[in-house]
Amino acid sequence: MGKDRNGVFHPGKGKPSGANKEEGLGAQSTPPEKMKEYLEISDKYTTGPDELSPNLRLLHHNRNTSKANTSRGYGTKTSGKPDHTKQQEENGQNRFAGVETASQPTEMPGILTREAFKELGAVSANHCISIYIPTHEYGTAVNEMSDSILFKNKLQEASKKLLEKGMKQPDVDKLLGPAYSWVYDTGFWRNQLQGFAVFLAPDFCRYIKMPAAPPELLIVNTSFQLSPLVPSMLATRDFYLLLLSKHATRLYKYDTAGINEVKVAGLETLSSYEAPDIDNGEHRGVDGYTNSADYLKAIDDIIFREVLNTEKAPLVLAGTEEMVAEYRTVSAYKHLYPEAIIGNHTYDDLQALCRQARNILQPYFDQELDKAKERYANESATRLTSSIVADVVPAAFYGQVDTLFAARDAHSWGTFDEMNNVLKVDDEMNGENDDLVDKAVVKTIANGGRVFILPKEQMPADSPVAALMRY
Numbered sequence: 131m132g133k134d135r136n137g138v139f140h141p142g143k144g145k146p147s148g149a150n151k152e153e154g155l156g157a158q159s160t161p162p163e164k165m166k167e168y169l170e171i172s173d174k175y176t177t178g179p180d181e182l183s184p185n186l187r188l189l190h191h192n193r194n195t196s197k198a199n200t201s202r203g204y205g206t207k208t209s210g211k212p213d214h215t216k217q218q219e220e221n222g223q224n225r226f227a228g229v230e231t232a233s234q235p236t237e238m239p240g241i242l243t244r245e246a247f248k249e250l251g252a253v254s255a256n257h258c259i260s261i262y263i264p265t266h267e268y269g270t271a272v273n274e275m276s277d278s279i280l281f282k283n284k285l286q287e288a289s290k291k292l293l294e295k296g297m298k299q300p301d302v303d304k305l306l307g308p309a310y311s312w313v314y315d316t317g318f319w320r321n322q323l324q325g326f327a328v329f330l331a332p333d334f335c336r337y338i339k340m341p342a343a344p345p346e347l348l349i350v351n352t353s354f355q356l357s358p359l360v361p362s363m364l365a366t367r368d369f370y371l372l373l374l375s376k377h378a379t380r381l382y383k384y385d386t387a388g389i390n391e392v393k394v395a396g397l398e399t400l401s402s403y404e405a406p407d408i409d410n411g412e413h414r415g416v417d418g419y420t421n422s423a424d425y426l427k428a429i430d431d432i433i434f435r436e437v438l439n440t441e442k443a444p445l446v447l448a449g450t451e452e453m454v455a456e457y458r459t460v461s462a463y464k465h466l467y468p469e470a471i472i473g474n475h476t477y478d479d480l481q482a483l484c485r486q487a488r489n490i491l492q493p494y495f496d497q498e499l500d501k502a503k504e505r506y507a508n509e510s511a512t513r514l515t516s517s518i519v520a521d522v523v524p525a526a527f528y529g530q531v532d533t534l535f536a537a538r539d540a541h542s543w544g545t546f547d548e549m550n551n552v553l554k555v556d557d558e559m560n561g562e563n564d565d566l567v568d569k570a571v572v573k574t575i576a577n578g579g580r581v582f583i584l585p586k587e588q589m590p591a592d593s594p595v596a597a598l599m600r601y
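According to the working numbering, the sequence shown is numbered sequentially starting from 131.
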């Protein structure tokens, strides 16, 4: 557009400025397949029409976009834009690169054995750090490294607590160094289950990828906080999962090591079954199996002979409705669970199938808890039960507790002198006392007792603990 001597603008000659352009404001229509995605983004970053979310961070419009590149000397030379993520990662790694750490991180199984639990319970030091966070196996949270950010915040909070206790910064870095090595490890956070726990002490670092989400928790004390591990380590929750398929039937077992395939001799080489060829008027199978009943009977014979003949754990079936129904008619296993996972699950995620099976079996697993609560009610008027912290804690230390009920997320702070049988209960955590509820849990398991961690409303008594005594 030109301007004459008087300062008046004149449009250039030729086609009008709107020629060959669509009428309107220039906004394009939204593709239907993108509508859900756009709505999710709107919900995430806004709180109402034309109103941004208060936690949304905005960059100043007058910022120097090349400042980081020109003054700090990093970023991409081709674009001139700083690579903040890369620099942040390098800074975090460099901070602990020269820190000497005597302990190497060691992974423990997601479902602990009693012996592994006792190993953690036996650790005692001036500074023991227990961190629990819920994590994600997939989804936006994984892509955005949300779990890593939460874990980093917990480490920073732990660092602050240690400094407040009088620990020097180099010693704090040495203690937390093994855990900080995970913060920027994207591969580590892309390979998680539903929860993550880490236990740090001088010359000690253990971590667990948990199959169930724990409460978000950080405790800095003289021993580890272990109660959140108990719901996942009940030994009575073993089961089998049989994935039925016309071409590749598989048997899996869930136990303290997680869910793993059971290699059954003869199962992999078993001939597959092909539906009859109705169009040609023939009824033929593959390698001699002319009907599904013969094929499924052969599967059951092999599995029962090689694995299940001495087992009592429940077996959950996963397959089409027709195959599941027909397998029930030919199976010789007495502990076949009545409810199944219906559908074609040949290519489904194994962990997802495992969670479905555990949910289906929950009423079966709760039978032991129901019997224990019934026994507590029947014995409630005798000296074989107690819901008083001052009675239950010493009894747990001395091996008197047969079954302990502990309220989830409940704490009772204090100290217990086992040698002199002296219990002191405090109003709050002071850095020198223990969580007496957690100590009762640890000691009961160490002495061979059973523990149930329950929501407060499901406790057999209005107390953070309740116990059935051996004597």
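Beta carbons: idealized from backbone N, C-alpha and C, even for Gly.
Item, Value
"The segment 554 to 572 touching the segment 346 to 353, judged by at least three CB pairs closer than 8 Å", "yes"
"Check whether Ala470 and Val437 have beta carbons under 8 Å apart", "no"
"Beta-carbon proximity list for Gly544, same chain, < 6 Å, skipping 5 on both sides", "Lys554, Val555, Asp556, Asn563 and Leu566"
"Contact under 8 Å by Cβ, Ser461 with Asp430", "yes"
"contact_flag[the segment 510 to 522, the segment 382 to 400] where n(CB pairs < 8 Å) is 3 or more", "no"
"Distance between Pro358 and Glu587 (C-alpha atoms, nearest Å)", "18 Å"
"Cβ pair count under 8 Å reaching 3, the segment 527 to 545 against the segment 572 to 582", "yes"
"Run of the alpha helix (DSSP H) containing Tyr506, from where it starts to where it stops", "Leu480 to Asn508"
"Ile472 versus Lys464, Thr265, Ala487 and Thr459, residue with shortest Cα-Cα distance", "Ala487"
"Met599: first and last residue of the uninterrupted beta strand (DSSP E) it sits in", "Val595 to Met599"
"Residues that Arg320 bridges to, as DSSP identifies them", "BP columns for Arg320 are empty, so no partner."
"Span separating the alpha-carbon of Ile261 from that of Val328", "5 Å"
"Simplified DSSP state of Asn550, which is helix, strand or coil", "coil"
"Paired residues, beta bridge with Gly544 - DSSP", "Val555 and Asp564"
"Test item: CB-CB of Val360 and Val581 under 8 Å", "yes"
"Pairwise C-alpha distance: Asp277 and Lys501", "38 Å"
"Range of the contiguous alpha helix (DSSP H) that encloses Phe527", "Val519 to Phe527"
"Local conformation of Val460 per DSSP, three classes", "helix"
"Beta-carbon proximity check, Ala597 vs Met589, cutoff 8 Å", "no"
"Burial state of Asp568, where buried means 16 or more other Cβ atoms lie within 10 Å", "buried"
"Cβ separation of Ala448 and Leu371, assumed to be a contact under 8 Å, to the nearest whole Å", "6 Å"
"Whole-Å CB distance - Val313 paired with Lys284, under 8 Å assumed", "Not a contact, Cβ separation roughly 10 Å."
"Sheet register partners of Ile472 (DSSP bridge)", "Gly449"
"Burial state of Lys290 (16 or more Cβ within 10 Å)", "exposed"
"Contact under 8 Å by Cβ, Pro344 with Pro264", "yes"
"Where Leu250 falls: helix, strand or coil (DSSP)", "helix"
"Under the three-state DSSP convention, the category Tyr314 falls into", "coil"
"Selected residue, minimal CA-CA separation from Ala591, among Ala570, Cys335 and Ala507", "Ala507"
"Start and end residues, beta strand (DSSP E) containing Leu534", "Val531 to Ala537"
"Helix, strand or coil at Ser260 [DSSP, three-state]", "strand"
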